[in-house]
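Engineer: So that we are looking at the same thing, I have put the structure below in structure tokens.
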Amino acid sequence: MSLFPNQTQTQTLASVPSSRGLGFYDIKLGRDDVFYCSCPGWMHSKKRPKMCRHLASWVVGNLGEVFDLMEQRHGKDKGDKRSDALVNSANGYDGKRK
Ligand SMILES: [Zn+2]
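This note's numbering numbers the first residue of the sequence shown as 141 and each following residue consecutively.
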């Protein structure tokens, strides 16, 4: 998909069911270190980093993996900072919004 310009280096982390049962959304980590979700909510998110209910839920449930991935890419200090920013965004996400 053209949503992911660096797809060759993109890691797919999870596939989560849509809340309406109409299929699945993919949670991915791009080569650009952005955590993507393929849903429209993520695409239109004004948060930085971008966030949606699926990504927020995945991040909160997989904190260890988030930190591991960022540490692998950036080392402990930088990686942890990036992870913290993502986790803060996930924790602040209002899951009631669609
Ligand atoms: Zn989503």
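Backbone N, C-alpha and C fix where the C-beta goes; we use that ideal spot for every residue, glycine too. Note that the structure is predicted; figures quoted are calculated from it, not measured.
Measure from the alpha carbon of Lys221 to the alpha carbon of each residue in Ala230, Asn231, Met210, then state which is nearest.
Structural biologist: Ranking Ala230, Asn231, Met210 by Cα distance to Lys221 puts Met210 first.
Engineer: Considering Cα atoms alone, identify which of Pro157, Gln151, Asn231 is closest to Gly201.
Structural biologist: Out of Pro157, Gln151, Asn231, Asn231 has the C-alpha closest to the C-alpha of Gly201.
Engineer: Specify, as a first and last residue, the run of the beta strand (DSSP E) that Pro157 falls within.
Structural biologist: Looking at the DSSP string, the run of the beta strand (DSSP E) that includes Pro157 is 151-157.
Engineer: So which of Arg213, Gly219, Tyr233, His194 has the shortest CA-CA distance to Thr150?
Structural biologist: Ranking Arg213, Gly219, Tyr233, His194 by Cα distance to Thr150 puts Arg213 first.
Engineer: Who does Phe207 pair with in a DSSP beta bridge?
Structural biologist: For Phe207, which the question treats as bridged, DSSP gives no partner whatsoever.
Engineer: Does ligand 1 have a heavy atom nearer than 6 Å to the CB of Tyr176?
Structural biologist: No.
Engineer: How far does the beta strand (DSSP E) with Leu195 in it extend, from its first residue to its last?
Structural biologist: Premise fails: Leu195 lies in the alpha helix (DSSP H), 193-201, not in any beta strand (DSSP E).
Engineer: Using a Cβ-Cβ cutoff of less than 6 Å, which residues in the same chain neighbour Ser223 once the five nearest sequence positions on both sides are dropped?
Structural biologist: Correct list, in chain order: Val206, Phe207, Met210.
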